[in-house]
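S.K.: Quick one: the structure is below, questions incoming.
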Amino acid sequence: MKLTHKLCGAALLAAVGVSLAIPSTTKALEDTNKGGMDIQFARKTTGDIDPGHSEEVVSSGKTMSIPGGTYKEFGVEGVTPLSFGEVTLAANARTFWAKNWTQEGVGSSANYVLINDERLTEDHNYSVSGQITGKLKAGEKELSGSTLMYSNIHLQSKADASIALPESAVADGKTVTITEGETTPIINSRADADKAKGQGRTHITFGYIKATDATASDKSVALSIGNDQTVTQGDYTGEITWTMSTTK
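Spelled out as structure tokens, the structure:
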């Protein structure tokens, strides 16, 4: 009986409470419902290479294509070949300047290395290094100890500044010398920098094609041949390897 009494008392109190809570005016109604959303981010495995490059001089109205360009989600997509043209060797003048890269019938450009990072990752730290991996050679004649000095290095990217590779990533002094013996970083490891920066496609450019002073693009890549090397007449070819790698 006690249990019955208490239940009745509780019911009575509830009824009283309800009667007291009734407002004198009509209360506005409000109701909510929640809907979900989803999106799946997948790796990009193919794509077009936009060669757009502000250092280009294009008079034909055509678009320059990068030599040997291949889309890469992460890596070096292309490199302009260095041409020093026909030169006359002198005992006291063994440094030669690379010409601007020219695409016949289209236009000219400063020499550059094109890199891309479109990985879906939080950490975009990486480094880019160069090395002479093929000595200058004409037939059986091979030259040793040659160096390449890249100067007036600057970056060009269409990515938003908040995620683009910053100029501070370029080697100190904006100048590097590439040798046969070891890889030399041109973009330094950025382990202490903002790890979100470095995304998108970036031109690592040497010189300015419209400049007429020491920053000109045709005065920004220098080949030096040692005085101890005996040079014979002929067409010499060599190779430079650029490597892009993640850093911790």
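Quick note on numbering: the sequence shown equals residues -21 to -1, 1 to 227 in mature numbering (1 follows the signal peptide of the UniProt record, and there is no 0). Positions of the beta carbon are idealized from the N, C-alpha and C atoms, including for glycine.
(1) Locate the beta strand (DSSP E) running through Pro164, then write down its first and last residues.
(2) Report, in whole angstroms, the separation of the C-beta atoms of Val155 and Tyr129, which I expect to be a contact under 8 Å.
(3) Checking 8 Å against the spacing of the C-beta atoms, do Leu144 and Lys176 come in under that value?
(4) Taking the DSSP output, what are the residues bridged to Gly113?
(5) Report the residue ranges of all alpha helix (DSSP H) runs contained in full by the stretch 50 to 133; include only those spanning at least 4 residues, in chain order.
(6) Is Asp192 buried or exposed, if buried means 16 or more other CB atoms sit within 10 Å of its CB?
(7) In three-state terms, what does DSSP make of Gly152?
(8) Along the beta strand (DSSP E) that carries Ser199, what are the first and last residues, could you check?
(9) Evaluate Gln212 with the Cβ neighbour count: other Cβ atoms within 10 Å of its Cβ, from every protein chain shown; 16 or more gives buried, anything less gives exposed.
(10) Which value, in whole angstroms, describes the spacing of the CA atoms of Ser38 and Gly86?
(11) Just the Cα atoms here: how many angstroms apart are Ser147 and Ala140?
(12) Quick one: give me the first and last residue of the beta strand (DSSP E) that Arg180 is part of.
(13) Starting from Val37, follow its DSSP beta bridges and name the residues at the other end.
(14) Going by the CB atoms, is the gap between Thr184 and His103 shorter than 8 Å?
(15) In whole angstroms, what separates the C-alpha of Ser125 from that of Ile219?
(16) Alpha carbons only, please: which of Ala117, Val210, Ala138, Thr222 is nearest the one belonging to Leu68?
M.R.: Reading off the structure:
(1) Translated into the one-based positions of the sequence shown, residue 164 becomes position 185. Element bounds for Pro164: 163 to 166.
(2) Here residue 155 refers to the residue found at position 176 when the sequence shown is read from its first residue. Here residue 129 refers to the residue found at position 150 when the sequence shown is read from its first residue. Rounded, the Cβ-Cβ distance is 5 Å, consistent with contact.
(3) In the sequence shown, the residue the question calls residue 144 occupies position 165. In the sequence shown, the residue the question calls residue 176 occupies position 197. Contact flag set, yes.
(4) Start at 1 with the first residue of the sequence shown, and residue 113 comes out as number 134. For Gly113, which the question treats as bridged, DSSP gives the partners Glu218.
(5) Qualifying alpha helix (DSSP H) stretches: none in this window.
(6) The sequence position of residue 192 within the sequence shown is 213, counting from 1. That one is exposed.
(7) Translated into the one-based positions of the sequence shown, residue 152 becomes position 173. Residue state, collapsed to three classes: helix.
(8) Along the sequence shown, read from residue 1 onward, the residue named residue 199 stands at position 220. Careful: Ser199 lies outside any beta strand (DSSP E) and carries neither H nor E.
(9) Position 233 of the sequence shown, counting from 1, holds the residue named residue 212. So Gln212 counts as exposed.
(10) For the purposes of this step, residue 38 is identified with residue 59 of the sequence shown, where counting begins at 1. For the purposes of this step, residue 86 is identified with residue 107 of the sequence shown, where counting begins at 1. Straight-line Cα distance between these residues: approximately 6 Å.
(11) Within the sequence shown, the letter at position 168 stands for residue 147. Within the sequence shown, the letter at position 161 stands for residue 140. Each residue's Cα considered, the two are about 13 Å apart.
(12) The residue given as residue 180 occupies position 201 in the sequence shown. Per DSSP, Arg180 belongs to the beta strand (DSSP E) from 179 to 185.
(13) In the sequence shown, counting from the first residue as 1, residue 37 sits at position 58. Note: Val37 sits in a beta bridge opposite Gly86.
(14) Here the question's residue 103 lines up with position 124 in the sequence shown. Here the question's residue 184 lines up with position 205 in the sequence shown. No, the Cβ-Cβ distance between His103 and Thr184 is not below 8 Å.
(15) Translated into positions along the sequence shown, residue 125 becomes position 146. Translated into positions along the sequence shown, residue 219 becomes position 240. Near 12 Å, if we compare the C-alpha coordinates of Ile219 and Ser125.
(16) The count along the sequence shown starts at 1 and reaches residue 68 at position 89. Here the closest residue by C-alpha is Val210.
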